[in-house]
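Chains as they are written, first to last, in the numbering used here: chain A, 89 to 268; chain B, 1157 to 1331. Where is the CB? At the ideal position from N, CA and C, for every residue including glycine. Report on one structure; see the data block that follows.
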C-alpha cells in the first residue's frame, strides 16, 4: 500500500505514466464501481432475468408442445388422407374393373347380336335374291309365253287363207262324221 | 227380264210365226238378228238407248231388216223394241228357236265359223252332227271372226270345238 501511495504521489497528476494503462485511482474507482454495478445487477436484475428466461422457456416449451400436437394432428390427418387416397384408389380400381367387365360384356353381347343380325340379313338377302330370281324367271317365262303366243297367233292368222279355212272346215266335217 | 216373261214373249212370237206359216224363216232370221245384236255394239247401243224415241228405233230396225227378212220377222223385232225389251232380244230369239226346234222334234245346233259356209258345207255339217247325235238337227250358222279358223258346234250341252282359236288358247295355256 505504501508503495502504491508513493507511486501515486510521485506521479504527475497531469501526466499518465503509461499511454495504455489508466491511472491507478481510476482503476480503483472504476473497479469499485464495476463491483457495485455487477453486485446490483446480480442482486436486482438477476431474478428478473431468470424469471424472464423461465417464462420464455415455458413459452418456447408450450410452442414446442403445440407444434408437437399440431404435428401429431397433422400426421393423423395425413394418415386419414393417405387412407382416403388409398380408398379412392381402390374404388377407382374397382370402378375401372367393373367398367372393363361391363365393356367386355357389352362387347361380347354386341358382337353376338351383330353376328346374329348379319346372319339374319344374309339369310334375308339370300331369300330375297332367290325370290327375285324366281320372280324374274316366272316373269320371263310368262313374257316368253305371251310373246310366243302372240307370234303363234300372228303366224297362224297369216297362214289362214281361204284354202286353209276350207281345209279346216272340211277337216271338221270329216272328223265329226267319222266319230259316230 | 225374268225367264217366265222371256218364255211368254217367245211363245207369243212362236204362235204368230206359226199362224203366219213362216216359223222356219222367222226363227232363223230372229236367230241371226240376235247374233248381230250381240256382236254389234253400235246397234245394241242404239236399240237400247232410252233417249231415242221408240218410233225412231223401230224405224231403224225396219229399215235394216227391210228386204233382208220376212215382214213378220221385221214386225216382231219392231214389236220387241216397242215393248222396251230390246235388251232381251237375244234371249227371246234363242227361246223361240229352242221352242220351234222342240216343236219340230229337232235339236238346235249352233255352228260358229270364221268364214261363211257354202250350202253344201252346211248340209254336210248338218248331216255329220245329226249322225253324231242321232237326232234331227236345227242348224244355226254364225260367222264369228274370233273363231279364226275351223268350226265350233254346240248341240245342247255338247260342244264340238275344232276352232283354231281354241287350239291357240290351249297352246297359250301350255306355254
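Exercise. Is the Cβ-Cβ distance between residue 1232 of chain B and residue 1186 of chain B less than 8 Å?
Worked result: yes
Exercise. What does residue 1271 of chain B touch in chain A if you count any residue whose Cβ is under 7 Å from its own?
Worked result: 253
Exercise. How many Å lie between residue 220 of chain A and residue 230 of chain A at the Cα?
Worked result: 15 Å
Exercise. If we cut at 8 Å on Cβ distances, does residue 1265 of chain B have a partner in chain A?
Worked result: no
Problem set entry | Within-8 Å CB hit, residue 1281 of chain B to chain A | yes
For this session: Starting from the C-beta of residue 1262 of chain B, find all residues in its chain whose C-beta is less than 8 Å away, skip the five residues before and the five after it, and write them out in chain order.
Result: 1291, 1292, 1293, 1294
Problem set entry | Per-residue contacts from residue 248 of chain A into chain B (C-beta, under 8 Å) | 1270, 1304, 1305, 1320
Exercise. Which ranges would you report for the beta strand (DSSP E) in the segment 163-243 of chain A if only whole runs of at least 3 residues count?
Worked result: none
Exercise. Between residue 1299 of chain B and residue 228 of chain A, what straight-line distance do the alpha-carbon atoms span, to the nearest angstrom?
Worked result: 37 Å
For this session: Answer with yes or no whether the minimum CB distance from residue 1328 of chain B to chain A is below 8 Å.
Result: yes
Exercise. Under 8 Å between C-beta atoms, does residue 237 of chain A make it to chain B?
Worked result: yes
Exercise. When DSSP builds the beta bridges, which residues end up paired with residue 1311 of chain B?
Worked result: B:1265, B:1314
For this session: Assign residue 1220 of chain B to one of three DSSP states: helix, strand, or coil.
Result: helix
Exercise. Beta-carbon of residue 241 of chain A versus every beta-carbon of chain B: anything under 8 Å?
Worked result: yes
Exercise. Can you tell me whether residue 1304 of chain B is buried or exposed, with buried defined as 16 or more other CB within 10 angstroms of its CB?
Worked result: buried
For this session: Mind the definition here: the segment 1181-1197 of chain B touches the segment 1239-1253 of chain B only if three or more C-beta pairs lie below 8 Å; say whether that holds.
Result: yes
Problem set entry | Segment limits, alpha helix (DSSP H) that includes residue 270 of chain A | This structure cannot settle anything about residue 270 of chain A, because the visible part of chain A is limited to 89 through 268.
For this session: Classify residue 1292 of chain B as helix, strand or coil using the three-state DSSP reduction.
Result: coil
Exercise. Is the CB of residue 1287 of chain B under 8 Å away from at least one CB in chain A?
Worked result: yes
For this session: Work out the CA separation of residue 169 of chain A and residue 177 of chain A for me, nearest whole Å.
Result: 12 Å
Exercise. Rounded to whole angstroms, how far is the Cβ of residue 1207 of chain B from the Cβ of residue 1216 of chain B, which I believe are closer than 8 Å?
Worked result: Not confirmed; about 14 Å, so no contact.
Problem set entry | Length of the line joining the Cα atoms of residue 1193 of chain B and residue 1252 of chain B | 16 Å
Problem set entry | Any 3 or more C-beta pairs closer than 8 Å across the segment 1273-1289 of chain B and the segment 208-223 of chain A | no
Exercise. Do residue 256 of chain A and residue 1320 of chain B have their C-beta atoms within less than 8 Å of each other?
Worked result: yes
Problem set entry | Cβ shell of residue 1317 of chain B (< 7 Å), same chain only, five flanking positions each side left out | 1308
Problem set entry | Which residues DSSP lists as bridging residue 1189 of chain B, in chain order | According to DSSP, residue 1189 of chain B bridges with nothing at all.
Exercise. Taking Cβ positions, are residue 1255 of chain B and residue 1310 of chain B nearer each other than 8 Å?
Worked result: no
Problem set entry | Closest by C-alpha distance to residue 1278 of chain B, when choosing among B:1270, B:1297, B:1260 | B:1297
Problem set entry | the segment 191-212 of chain A: positions lying closer than 8 Å to chain B by Cβ | none
For this session: Rounded to whole angstroms, what's the CA-CA distance from residue 154 of chain A to residue 139 of chain A? Just pull it up for me.
Result: 22 Å
Exercise. Ordered along the chain, which non-local residues of its own chain (more than five positions away) have a Cβ less than 8 Å from that of residue 1163 of chain B?
Worked result: 1251
For this session: Anything in chain A within Cβ reach of residue 1284 of chain B, meaning under 7 Å, just list it in chain order.
Result: 261, 264, 265
For this session: Please list the partners that residue 1331 of chain B has in chain A, where partner means a Cβ-to-Cβ separation under 7 Å.
Result: 233, 236, 237
Problem set entry | Buried/exposed call for residue 1306 of chain B, threshold 16 Cβ in 10 Å | buried
Exercise. Is the beta carbon of residue 1228 of chain B less than 8 Å from the beta carbon of residue 1173 of chain B?
Worked result: yes
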